[in-house]
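Below: one structure, written as structure tokens.
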Amino acid sequence: MIVTALPSPPDERRLAVVPPAIERLSKLGHEVRLPTGYGAPLHLSDEVLSAAGATMVPPAEARKSAEIALVVTPPEPASLEGLQRGTFVVGFLDPFFALPTVRALAERGLRGMCVELMPRSTYAQKMDALSSQANLAGYAAVVLAAQRIDKVLPMMSTPAGTIAPARVFVLGVGVAGLQAIATAKRLGARVDAYDTRPVVAEQVRSLGARFVEFDLGIEVGQTEQGYAQALTDEQLERQRAQMAKVVAQSDVVITTAQVFGRAAPRLLDAAAIGGMKPGSVVVDLAASTGGNVEGSVAGQEVVTEGGVQILGLHPLAASVARDASLMYSANLTHLIEHAWPDGELRSASEDEVVDAVLLVDDGAVRHEAVRDQMEATA
Amino acid sequence: MIVTALPSPPDERRLAVVPPAIERLSKLGHEVRLPTGYGAPLHLSDEVLSAAGATMVPPAEARKSAEIALVVTPPEPASLEGLQRGTFVVGFLDPFFALPTVRALAERGLRGMCVELMPRSTYAQKMDALSSQANLAGYAAVVLAAQRIDKVLPMMSTPAGTIAPARVFVLGVGVAGLQAIATAKRLGARVDAYDTRPVVAEQVRSLGARFVEFDLGIEVGQTEQGYAQALTDEQLERQRAQMAKVVAQSDVVITTAQVFGRAAPRLLDAAAIGGMKPGSVVVDLAASTGGNVEGSVAGQEVVTEGGVQILGLHPLAASVARDASLMYSANLTHLIEHAWPDGELRSASEDEVVDAVLLVDDGAVRHEAVRDQMEATA
Amino acid sequence: MAAWQTFAYILASILFIMGLKMLGRAETAKRGNRLSAVGMLIAVIATLAAGGLDYTWIVLGLVIGGAIGAVAARRVQMTGMPEMVALLNGSGGLASMLVGTAEYVRVPEVPAFSAVAIMLTVLIGGIAASGSVVAFGKLSERIDGKPYLFRGQKVLNASLLALALLAAAVVVIDAAVIGNVGGVTAAFVLVLLLALALGVLAVIPIGGADMPIVVSLLNSYSGIAAAAAGFVIDNNVLVVAGSLVGASGLILTNIMCKAMNRSLANVLFGGFGAEITAGGAAAEGVVKPLTPEDAYFILEAAGSVVFVPGYGMAVAQAQHVVAELADLLVKNGADVRHAIHPVAGRMPGHMNVLLAEANVPYEQLVEPGDVNPNMETIDVAIVIGANDVVNPAAKEDPTSPLWGMPIIEVDRARTCFVLKRSMNPGFAGVDNLLFFKDNTRMIFGDAKATITGMVAAFKDA
Amino acid sequence: MAAWQTFAYILASILFIMGLKMLGRAETAKRGNRLSAVGMLIAVIATLAAGGLDYTWIVLGLVIGGAIGAVAARRVQMTGMPEMVALLNGSGGLASMLVGTAEYVRVPEVPAFSAVAIMLTVLIGGIAASGSVVAFGKLSERIDGKPYLFRGQKVLNASLLALALLAAAVVVIDAAVIGNVGGVTAAFVLVLLLALALGVLAVIPIGGADMPIVVSLLNSYSGIAAAAAGFVIDNNVLVVAGSLVGASGLILTNIMCKAMNRSLANVLFGGFGAEITAGGAAAEGVVKPLTPEDAYFILEAAGSVVFVPGYGMAVAQAQHVVAELADLLVKNGADVRHAIHPVAGRMPGHMNVLLAEANVPYEQLVEPGDVNPNMETIDVAIVIGANDVVNPAAKEDPTSPLWGMPIIEVDRARTCFVLKRSMNPGFAGVDNLLFFKDNTRMIFGDAKATITGMVAAFKDA
Amino acid sequence: MNPLLLFVFVLAIFLGLELITKVPSQLHTPLMSGSNAISGITIVGAIIAAGEGGVIATVLGTIAVVAATINVIGGYLVTERMLGMFKTGKGA
Amino acid sequence: MNPLLLFVFVLAIFLGLELITKVPSQLHTPLMSGSNAISGITIVGAIIAAGEGGVIATVLGTIAVVAATINVIGGYLVTERMLGMFKTGKGA
Ligand SMILES: NC(=O)c1ccc[n+]([C@@H]2O[C@H](COP(=O)([O-])OP(=O)(O)OC[C@H]3O[C@@H](n4cnc5c(N)ncnc54)[C@H](OP(=O)(O)O)[C@@H]3O)[C@@H](O)[C@H]2O)c1
Ligand SMILES: NC(=O)c1ccc[n+]([C@@H]2O[C@H](COP(=O)([O-])OP(=O)(O)OC[C@H]3O[C@@H](n4cnc5c(N)ncnc54)[C@H](OP(=O)(O)O)[C@@H]3O)[C@@H](O)[C@H]2O)c1
Ligand SMILES: NC(=O)c1ccc[n+]([C@@H]2O[C@H](COP(=O)([O-])OP(=O)(O)OC[C@H]3O[C@@H](n4cnc5c(N)ncnc54)[C@H](O)[C@@H]3O)[C@@H](O)[C@H]2O)c1
Ligand SMILES: NC(=O)c1ccc[n+]([C@@H]2O[C@H](COP(=O)([O-])OP(=O)(O)OC[C@H]3O[C@@H](n4cnc5c(N)ncnc54)[C@H](O)[C@@H]3O)[C@@H](O)[C@H]2O)c1
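Sequences listed follow chains A, B, C, D, E and F, in order. Positions 3 to 380 (this note's numbering) are the ones given, in order, by the first sequence. Positions 3 to 380 (this note's numbering) are the ones given, in order, by the second sequence. Positions 32 to 492 (this note's numbering) are the ones given, in order, by the third sequence. Positions 32 to 492 (this note's numbering) are the ones given, in order, by the fourth sequence. Positions -19 to 72 (this note's numbering) are the ones given, in order, by the fifth sequence. Positions -19 to 72 (this note's numbering) are the ones given, in order, by the sixth sequence.
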């Protein structure tokens, strides 16, 4: 197959292919054709990319010949221009929110492989880009918070007095939340964490942090795929009230709560944030899907009147773009390797992974929930 | 005694007195009079300060009545206006470089207590502001570097491949260097460190890092006070050459090398920096005394052509201003408690600490090296 | 002795052996005690069944003794156990002494070897009997618990012992050369009286706190007395059971000594140890080293422990084992804290980094001000490669460069372990008087190795 | 027996006891061996000095035997030690057998008890003698090291043993009822021959790799034979030394079994164990649990160890003790690595965080691809609370949801310990066939507690 | 006296030294008391002394029997009571 | 036979069981060999058998002495050689 990558938007430093992925794809017999200047966001020159095995061609040419086009974020419909019908567009397609992109794919007869739809099985984990990026985002969130807050995270007993350890509160303990907990613990903070799924309590404790229990009235489960179920309004209210107390005594709050296919739940309102000490930091990892925190803006830093900084981390993991690209490109490579075992796409009816990720095929959207959403907003 | 504090310059967020210090000074029988709005950089309102026991007065009044005036950085000569003769100005006075300030103090009949001159004895450690600030600076340097670099510090074995741990190289292992090592280790980096004083090798290893040995021809000692001795030119040359190799393979370099009373030694030249990978980060903690790194500018972030970021961290520890102020104010409080055991200043001839720190008294500069420096530049 | 009787005695001995072994482990202790009781029953029955005895007095003795024993055992308060054991041991010693005497009286011609055995029985049994009574008195506070001391005590005890041995020699020679001249000689009575006196004199100078050790030692003595009695009446089960108790009692005594941080010699020679302690002269210049193994016995019995880490912990990279030891101590019921001195290590927060790495809970970290006020109530302070921060010169010696610095006052803890590699001073270069204090024990060696040793001792228990 | 002779024997026995004890510790082993040699010398001299013996043949025997022994000991290669010990043990067993026979021949009227002792001496001595020769053959590869197996082996051995016991009973009854009718009876000869045959038959079915255990067991046998000979000639030092070796040899055999991960029963009943292994039927459904204590013996002898941590290590917070155990293994000379599977734990890099916290050097961390190719050469793989990432279903069962995922193939290691609390599946909910593999040992319980136990066993050694 | 008895003595002493190694502190007193009860084995000697005749020996023997029985009965019962204080299972 | 001998036997067996607890694997063979040498104590029996007269007994006894001496001398020397391989100090 001939593989290319569509350039990322200017505020996105991650790349969908970097040298190790190029090498691997070439070894598998694929040809990688990249638009000149593709590596610039990561200081990768055209020479470096060709040395790894890529053919550097003018952008238009890259599109024209491509059979697979890799993307980091859902491409603007305009940027799909020039791709041949039947070409696979593979990457984050944000199916529930980037509806124009999905529509454009279908209309142009392109085929969309959406990595967000990857099954969360043990086997598929090497192709699970949501996990790989969330993991780095969790790390980056803590590092950012540590840099922004005006105190140190660890406890220090010094001749000038003892500095108490900072309190970090992680809300939502998926992959990102776990890594955030681990990183904050490493830096010596006292970490509390909370999630609606009770199974994560053990995982939280396995990292040495404390799991905060709120009384929500009833137990909340998870879907088969491991995603959280949505809470009722009343449950959300109870949770908010009890959480405000924990938030008030925290120096850093990191929120990562997502519900698959929906806007992120609003966990902290202005009142809760208002209870925090001036100088405290809130990092909202869900900012781009609506935000867990009232007032958070994706990609921006907002300082409240009370002196609390709310950082809407976006795009995910962009602050560790080099490693994020490494992981992401490896995920895509694994996917290509799995889906085209010998140049031929596995049939969706036989392969669970292809069935799950193949979002747009033959001009149609294959995923029911996405279809519903599109109809609703049409 | 009546204690006040001179406001810090706008780019300095640290304060010389914060509530715990106010409480302690009041308990010792001193009166703390602060100019209104003093706490603004740290979001401390006048109410909070008065609640702690300070009297909030208009700035001019604060100066007029003060017997002791605390500072965070050497005050501009102009800002000494309004202090009565005989008033003690206590804090960082940067005696070898802020000569105008020293001169102004002497000329106006003020008395200067310079905390940089604190003896480095075990007993005096609680008053040692250089240590307390350097400690936080070491932490802040690593956190800043971690935030700026486009990869993660720890090793991560993930389904998408293994991320190798970042390599951090700490140059100069005083208090700041040690804390930098500890923090980088905590974050999971592979840490190398180097210092000219061989005694620190054990300390480096005690933190789990590797001490890099360079062959400098001869052994280099330390002064009685624990400060490093200056190296000869030839030694510096050898060191530079061997160091370039280590630097080239590092993702983060943190330099902290200082020599008491002199400009910081130049450890890394453009060539060495040029050998580093694009995206790497260099943090120069000595930027404000001339810099260990060619091209570093205090308080600025410079990106080289090769894509290396050079961060001149300045002012020290300002990024963790809240804790830095806590420590610094505690150091000063301890000094006041020690120097004025019952309202009376201990005589310099009897007390080692007072003798050391009392830089300007009776219109004269008491410290010989500083006097020499002043004469040389006069 | 009939073969079946020997077999019964062998069976009894096996039960004693297994019983003793099992008594040393919590899970099996109960079963062990019962096994050994069955062994005793078998031995008694086998003895009675051998026949040839007039049962009247025996049965009378058994009934009276049994009744007294049973009632006493039932009545005694749980808190009064040690003194009860002392009394019981006293009657055991008395019994052995009487058996020896009876044999001497009964047999017309005692062979020399038997005479030796008899004298040992009488001497050791007598000491155990009267010593136990004194121990009982001290434990139950019928006698003042303070050590009774007077000049020349050592000399007196030594002379009395010499006299007793001399008298015993006379008896033996009597027996060997001219044959036992029917009946008790003056020399024999003298041995008897001196034994009783020695028991009193040996125990009286020892302080009440050491009494449990003394009782254990006297228990070992009465075991040996029983073994000696076994030689007197040529009875194997007595020899076996007595020797077992004698030897294992000695080991137990040693274990108890270590748990109380006393040396066996100190207790063995009674008053001598007490006298030195009472003298109270600051034992400056004398360093008391300890092995990690012995340290275990003290830690095992400690209710409150404070760790004081310093730069040496960092050098040794001992933080993980320290955390593990702390864990074990907590599990063992001790209250454990880590007191971090502000200047410990080589950078501010040095100890925090290490202990956080080892996952020591923040709740266990305290400042000097939190432990100093109650330092007297701390059973053990473990100083791990710290030096300047625990140097009492800071409060005792105004000429010291450390003078005036607040320290962690481990010198006031009940016991203080100092773990370091040598007597070298720390960063400040100041010698440390802590090392010479009475309650300080130096554990030399790399701190990690030392603590690893303590941990091993714990896990092995 | 003269009193002085008894004393000499007692002295010799004490030296044997101390010698044996010291032989068990590396620091004292040499001194221990010499002490026991001195004990032997004393025993021999005391025997010779008792007089009443015709020295001609004795001296001849001593000289010839001494010369052969000394030359053989000097000549043997260091690598040939185990077979040398087997031969030496064989001559010891032979000697006891002959002593028993000689006594039977010499004494006109053997009492029943002595007859029993003689028969035991002959039987056990004979087995030790011929068994040792076969073991020598296998070890020196003069006999094929493979287990010789045939149908009905068990039955044959059992019948021969029964026959031997029957014949021995005849001899004893002979002696008891009609008196020893002067000279060797057919029954006696039969016992002798059967003993020799049993020795051969018991050892021949055992594989060469197990021979050291067999030699140790035969050593214990020959100790018991010596003790039995002691009863025959009413000699106490024989009884003591023989029983000591017999009992301690059994313990040593047990220790060696554990180090080789074999059960004593398996070896004791000779071929039976081998037969099962040879059968080779996949023992699916049978789980073999192990205690941490026994695991120690295997680890102690391991030259290469791979740790495979998983989510359970995180839950148990066992990382610090894992690092400690790894340290101890390295000190013990083993090559140690930690193989981190990419999906181990519950987040990417989960294991890295934990192991970095415990200061495991990065050099010890490897990926599955680094260990899988040489897994056969790994002595022990320790799986710590991992499950899915070591599930062989990923390569063996195409219907499994894990099918196709690269795993860490610990099932191919020589021995694999799996530390978990139960047989529950992991995150993926898939049952794990690894638990049932032949070379897998399950160590149930919290992983931290388990490893702590292993560490304790190590430190205690 | 049978010289073999010396043998028995030596072996028992060694065995006694090996038998006990490490004892948790709560067991110190029960172990002491339990082994003290065993040292009451002198009861066997006392019985023989009390039963073999001779007036003085009988008197002394009877007193010895009383004393030894107190030791034995009291010792076992007291030990039993102390051990009853521990919860079964992991008492250490 | 003296029944006390049984006593001796029982005690020695128990002592043997207690004497060895944990042995580092390098010492397995030396310990086996060293204790094997001790089991050569049967030499005492052999000497008596060879020296007490009777033709057959003397023949058997003499062979027994040869065999036992091989065991004793060979055993101690072999053990000594094996232990010589360890460095002194911490050999474990
Ligand atoms: N905290 C700071 O910011 C800072 C900065 C600079 C200097 N200081 C100074 O450092 C000192 C700190 O006091 P401290 O009590 O922590 O340390 P210290 O007084 O320097 O004593 C450390 C002790 O640890 C022992 N040690 C070293 N390696 C060891 C090992 N592997 N195992 C066991 N023991 C070992 C040494 O004794 P052996 O050699 O006998 O083993 C030494 O006496 C103070 O004087 C302080 O002023 C502190
Ligand atoms: N790495 C990631 O990013 C990530 C994220 C989400 C999910 N996952 C999934 O998680 C799994 C990871 O595999 P894994 O082998 O590490 O874990 P696993 O398959 O979940 O097995 C963990 C095992 O640890 C045992 N365990 C739990 N607590 C223990 C304790 N205290 N002591 C001893 N054992 C204990 C459990 O058995 P007992 O209950 O019998 O003790 C369990 O079987 C994979 O299926 C992977 O797909 C991974
Ligand atoms: N099988 C695999 O190998 C594999 C791979 C990746 C992830 N997973 C699992 O999938 C699950 C989801 O991971 P993710 O990181 O993608 O999750 P996510 O990003 O979808 O959500 C983050 C977290 O937010 C939580 N959350 C949702 N609503 C909340 C609310 N109102 N309050 C508090 N918390 C709320 C969720 O429970 C979840 O834990 C995890 O359990 C993870 O272990 C499994
Ligand atoms: N007694 C006390 O309690 C106490 C208190 C504080 C500091 N100290 C000691 O004082 C010493 C200095 O501490 P500091 O942090 O103030 O030092 P500093 O800030 O003056 O210098 C930082 C480090 O740079 C090093 N350096 C100088 N020239 C160099 C070169 N050319 N190459 C490489 N490294 C070079 C120095 O050796 C020093 O370690 C330390 O040893 C510290 O432990 C002691």
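Just so it is clear, CB atoms sit at the ideal spot from N, CA and C, and this is done for glycine as well.
Is the Cβ of residue 478(D) closer than 9 Å to any Cβ of chain B? no
Would you call residue 493(D) buried or exposed, if buried means 16 or more other Cβ atoms sit within 10 Å of its Cβ? What the structure shows of chain D is the stretch from 32 to 492, and residue 493(D) is not part of that stretch, so it cannot be assessed.
Span of the beta strand (DSSP E) holding residue 369(D)? 366 to 370
Please list the partners that residue -5(E) has in chain H, where partner means a Cβ-to-Cβ separation under 8 Å. Absence of chain H from the displayed structure is noted, the protein chains being A, B, C, D, E and F.
Hey, is the stretch 119 to 132 of chain A in contact with the stretch 100 to 108 of chain A, meaning 3+ C-beta pairs nearer than 8 Å? no
If we count the other Cβ atoms within 10 Å of its Cβ and call it buried at 16 or more, is residue 342(A) buried or exposed? buried
Measure how close the beta-carbons of residue 64(A) and residue 283(A) come, nearest whole angstrom, since I'm counting them as under 8 Å. Contact doesn't hold; Cβ gap of about 41 Å is too wide.
Quick check: what's the CA-CA separation for residue 41(D) versus residue -13(E)? 6 Å
Taking the alpha helix (DSSP H) that residue 332(B) belongs to, which residues open and close that run? 323 to 341
Identified DSSP bridge partners for residue 212(B): 194(B)
Cβ-heavy atom distance between residue 372(C) and ligand 1 below 8 Å? yes
Three-pair Cβ contact test at 8 Å for the stretch 51 to 66 of chain F versus the stretch 118 to 131 of chain D: yes
Quick one: using the 10 Å Cβ neighbour count with 16 as the cut-off for buried, is residue 405(D) buried or exposed? exposed
Of the residues 359(D), 489(D), 427(D) and 188(D), the one placed nearest residue 463(D), counting alpha carbons only: 427(D)
Residue interval of the alpha helix (DSSP H) (run including residue 469(D)): Here residue 469(D) belongs to no alpha helix (DSSP H), and DSSP marks it neither H nor E.
Using alpha carbons as the reference points, say which of 43(A), 48(A), 72(A) and 168(A) lies closest to residue 27(A). 72(A)
Measure the beta-carbon distance from residue 288(A) to residue 260(A) and round it to whole angstroms, keeping in mind my assumption that it falls under 8 Å. 6 Å
Give the range of the beta strand (DSSP E) segment to which residue 37(A) is assigned. 33 to 37
Run through chain C and tell me which residues come within less than 8 Å of residue 192(A), C-beta to C-beta. 393
With which residues is residue 4(A) paired in a DSSP beta bridge? 33(A)
What residue range is occupied by the uninterrupted beta strand (DSSP E) comprising residue 363(B)? 360 to 363
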